[in-house]
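Just below is one structure, and these are the notes that go with it.
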Amino acid sequence: MTPFDHCHVPLSLSVFELRGHRTRVIRQATLVPGIYASCPVPLLFQPGTINGKLYADGGIADRGAVFGLRPGERTLSHHLQSRSPWRRRGSPAQLVPKRDGLCALTIDRLPRVGPQRLAFGPSAYPRAREATLAARDGPQAAHITAPAQNRSQMLAAFSAPIPAPGCPVAR
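Residue numbers are given in numbering that gives the first Met the number 0: position 60 of the sequence shown equals residue 59, and the series is strictly consecutive.
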(Lines of atoms letter the chains of each structure in order from A; the text may use other names.)
(Lines give C-alpha, C1' and ligand atoms only; values in the text may rest on other atoms or scores of the structure.)
Protein backbone atom coordinates (compact mmCIF):
# COMPACT_ATOMS: atom_id res chain seq x y z
CA MET A 0 0.00 0.00 0.00
CA THR A 1 1.59 3.24 -1.19
CA PRO A 2 1.15 6.38 0.93
CA PHE A 3 0.67 9.84 -0.63
CA ASP A 4 4.15 10.97 0.38
CA HIS A 5 5.71 8.36 -1.94
CA CYS A 6 4.17 10.02 -5.01
CA HIS A 7 6.54 11.81 -7.40
CA VAL A 8 4.21 14.84 -7.44
CA PRO A 9 2.57 16.22 -4.28
CA LEU A 10 -1.00 14.95 -4.05
CA SER A 11 -4.02 16.35 -2.25
CA LEU A 12 -7.58 15.17 -2.79
CA SER A 13 -10.92 16.79 -2.05
CA VAL A 14 -13.37 14.47 -0.33
CA PHE A 15 -16.84 15.16 1.00
CA GLU A 16 -17.26 13.99 4.59
CA LEU A 17 -20.78 12.55 4.76
CA ARG A 18 -21.33 12.90 8.49
CA GLY A 19 -20.02 16.47 8.74
CA HIS A 20 -21.49 17.56 5.38
CA ARG A 21 -18.30 19.39 4.41
CA THR A 22 -15.32 19.13 2.12
CA ARG A 23 -12.06 17.91 3.56
CA VAL A 24 -8.67 17.81 1.90
CA ILE A 25 -6.65 14.62 2.26
CA ARG A 26 -2.89 15.06 2.02
CA GLN A 27 -1.84 11.95 3.93
CA ALA A 28 -3.39 8.54 3.46
CA THR A 29 -2.79 5.31 1.67
CA LEU A 30 -3.10 5.96 -2.05
CA VAL A 31 -5.86 3.57 -3.16
CA PRO A 32 -8.29 4.23 -0.26
CA GLY A 33 -7.58 7.98 -0.58
CA ILE A 34 -8.36 8.04 -4.28
CA TYR A 35 -11.42 5.84 -3.80
CA ALA A 36 -12.71 8.12 -1.02
CA SER A 37 -12.57 11.09 -3.42
CA CYS A 38 -14.63 9.45 -6.18
CA PRO A 39 -17.88 7.74 -5.10
CA VAL A 40 -20.94 9.48 -6.45
CA PRO A 41 -23.73 9.30 -3.84
CA LEU A 42 -26.43 6.70 -4.54
CA LEU A 43 -24.30 5.12 -7.30
CA PHE A 44 -21.29 3.86 -5.34
CA GLN A 45 -20.60 3.02 -1.72
CA PRO A 46 -18.76 5.73 0.21
CA GLY A 47 -15.02 5.42 0.73
CA THR A 48 -13.75 4.92 4.27
CA ILE A 49 -10.63 6.36 5.86
CA ASN A 50 -10.05 6.04 9.61
CA GLY A 51 -13.69 5.06 10.13
CA LYS A 52 -15.11 8.16 8.41
CA LEU A 53 -17.29 7.92 5.31
CA TYR A 54 -16.44 10.05 2.28
CA ALA A 55 -18.01 10.72 -1.11
CA ASP A 56 -17.00 12.53 -4.29
CA GLY A 57 -15.03 15.67 -3.45
CA GLY A 58 -16.80 17.48 -6.30
CA ILE A 59 -20.03 17.62 -4.30
CA ALA A 60 -18.93 20.91 -2.73
CA ASP A 61 -15.55 21.45 -4.44
CA ARG A 62 -16.35 21.02 -8.12
CA GLY A 63 -13.26 22.94 -9.23
CA ALA A 64 -11.00 20.88 -6.92
CA VAL A 65 -9.44 24.05 -5.49
CA PHE A 66 -9.83 23.45 -1.74
CA GLY A 67 -6.53 21.56 -1.65
CA LEU A 68 -4.51 24.30 -3.33
CA ARG A 69 -2.16 26.28 -1.16
CA PRO A 70 -2.62 30.08 -1.27
CA GLY A 71 -1.07 31.52 -4.44
CA GLU A 72 -0.06 28.08 -5.75
CA ARG A 73 0.48 28.25 -9.52
CA THR A 74 -2.18 26.03 -11.08
CA LEU A 75 -3.55 25.44 -14.55
CA SER A 76 -7.12 24.17 -14.28
CA HIS A 77 -8.87 22.38 -17.14
CA HIS A 78 -12.40 23.46 -16.24
CA LEU A 79 -15.23 21.25 -17.50
CA GLN A 80 -18.31 23.32 -18.17
CA SER A 81 -21.33 21.91 -16.38
CA ARG A 82 -24.45 21.19 -18.36
CA SER A 83 -25.99 19.16 -15.59
CA PRO A 84 -29.79 19.25 -15.44
CA TRP A 85 -29.47 19.33 -11.63
CA ARG A 86 -27.52 22.60 -11.56
CA ARG A 87 -29.37 25.92 -11.51
CA ARG A 88 -28.32 28.56 -14.03
CA GLY A 89 -25.69 30.74 -12.33
CA SER A 90 -25.03 28.18 -9.60
CA PRO A 91 -21.59 28.62 -7.99
CA ALA A 92 -20.82 25.05 -9.06
CA GLN A 93 -20.99 26.17 -12.70
CA LEU A 94 -18.55 29.04 -12.30
CA VAL A 95 -14.86 28.83 -13.10
CA PRO A 96 -13.00 28.85 -9.77
CA LYS A 97 -11.11 32.07 -9.00
CA ARG A 98 -7.99 32.02 -6.84
CA ASP A 99 -4.64 33.78 -6.89
CA GLY A 100 -2.27 31.78 -9.07
CA LEU A 101 -5.04 29.79 -10.77
CA CYS A 102 -5.65 30.04 -14.51
CA ALA A 103 -8.49 28.09 -16.10
CA LEU A 104 -8.79 26.63 -19.58
CA THR A 105 -12.37 26.09 -20.71
CA ILE A 106 -13.06 24.51 -24.08
CA ASP A 107 -16.38 25.54 -25.59
CA ARG A 108 -18.66 23.15 -27.50
CA LEU A 109 -16.71 20.04 -26.59
CA PRO A 110 -18.78 16.85 -27.05
CA ARG A 111 -19.87 15.46 -23.69
CA VAL A 112 -18.53 12.00 -22.93
CA GLY A 113 -19.96 9.74 -20.24
CA PRO A 114 -21.08 6.19 -19.50
CA GLN A 115 -23.98 6.48 -21.98
CA ARG A 116 -22.00 8.61 -24.46
CA LEU A 117 -18.70 6.78 -24.92
CA ALA A 118 -19.02 6.97 -28.71
CA PHE A 119 -18.29 10.73 -28.49
CA GLY A 120 -14.79 10.09 -27.08
CA PRO A 121 -13.01 9.70 -30.43
CA SER A 122 -14.31 13.09 -31.60
CA ALA A 123 -13.90 14.87 -28.25
CA TYR A 124 -10.25 13.98 -27.71
CA PRO A 125 -8.77 15.57 -30.87
CA ARG A 126 -10.90 18.70 -30.39
CA ALA A 127 -9.71 19.04 -26.79
CA ARG A 128 -6.10 18.47 -27.84
CA GLU A 129 -6.33 21.04 -30.64
CA ALA A 130 -7.89 23.66 -28.34
CA THR A 131 -5.29 23.01 -25.63
CA LEU A 132 -2.41 23.41 -28.07
CA ALA A 133 -4.01 26.58 -29.47
CA ALA A 134 -4.32 27.96 -25.95
CA ARG A 135 -0.60 27.43 -25.45
CA ASP A 136 0.00 29.78 -28.38
CA GLY A 137 -1.94 32.63 -26.79
CA PRO A 138 -5.15 33.51 -24.97
CA GLN A 139 -6.92 34.67 -28.14
CA ALA A 140 -6.64 31.20 -29.68
CA ALA A 141 -9.06 29.44 -27.32
CA HIS A 142 -11.57 30.39 -24.66
CA ILE A 143 -9.35 30.96 -21.68
CA THR A 144 -10.52 32.52 -18.47
CA ALA A 145 -8.04 34.03 -16.08
CA PRO A 146 -7.88 37.11 -13.91
CA ALA A 147 -5.85 39.84 -15.66
CA GLN A 148 -2.98 39.62 -13.17
CA ASN A 149 -2.61 35.91 -13.95
CA ARG A 150 -2.43 36.14 -17.75
CA SER A 151 1.38 36.26 -17.74
CA GLN A 152 1.46 33.25 -15.39
CA MET A 153 -0.98 31.46 -17.67
CA LEU A 154 1.12 32.08 -20.77
CA ALA A 155 4.22 30.96 -18.88
CA ALA A 156 2.40 27.77 -17.87
CA PHE A 157 1.43 27.08 -21.48
CA SER A 158 4.91 27.75 -22.83
CA ALA A 159 6.68 25.67 -20.18
CA PRO A 160 7.56 22.16 -21.30
CA ILE A 161 5.06 19.49 -20.35
CA PRO A 162 6.86 17.33 -17.77
CA ALA A 163 5.33 13.97 -18.72
CA PRO A 164 7.43 12.43 -21.52
CA GLY A 165 5.27 10.84 -24.18
CA CYS A 166 2.24 12.89 -23.13
CA PRO A 167 -0.12 13.07 -26.14
CA VAL A 168 -0.41 16.86 -25.73
CA ALA A 169 3.36 17.43 -25.75
CA ARG A 170 4.80 19.10 -28.83
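Glycine is no exception: its CB is placed at the ideal position from the N, C-alpha and C atoms.
Check                                                                                                                                                                             : Outcome
Count the other CB atoms, across all protein chains shown, that sit within 10 Å of the CB of glutamate 129; report buried if there are 16 or more and exposed otherwise.          : exposed
Take the Cβ of threonine 74 as the centre, count every other Cβ of all protein chains shown within 10 Å, and call the residue buried at 16 or more, exposed below.                : buried
For alanine 55 versus proline 46, is the C-beta spacing smaller than 9 angstroms?                                                                                                 : yes
In the DSSP output, what is isoleucine 49 paired with across the bridge?                                                                                                          : Lys52
What does the Cβ neighbour count give for glycine 176, buried or exposed, with the cut at 16 atoms within 10 Å?                                                                   : No information on residue 176 is available, as it lies outside the stretch 0 to 170 that the chain covers here.
Tell me the DSSP secondary structure of histidine 5 in three-state form.                                                                                                          : helix
Which residues in the same chain as alanine 64 place their Cβ atom closer than 6 angstroms to its Cβ, once the five residues preceding and following it in sequence are excluded? : Ser13
Check this for me: beta carbons of glutamine 80 and leucine 109, under 9 angstroms apart or not?                                                                                  : yes
Roughly how many angstroms lie between the CA atoms of glycine 33 and isoleucine 25, to the nearest whole one?                                                                    : 7 angstroms
Using only alpha-carbon positions, find the residue among Pro125, Phe66, Ala36 and Arg111 that is nearest to glutamate 16.                                                        : Ala36
I'd like the list of long-range same chain contacts for arginine 86, defined as Cβ closer than 7 angstroms, with 5 residues on each side in sequence excluded.                    : Ala92 and Gln93
Starting from serine 13, trace the beta strand (DSSP E) in both directions and tell me its first and last residue.                                                                : 12-16
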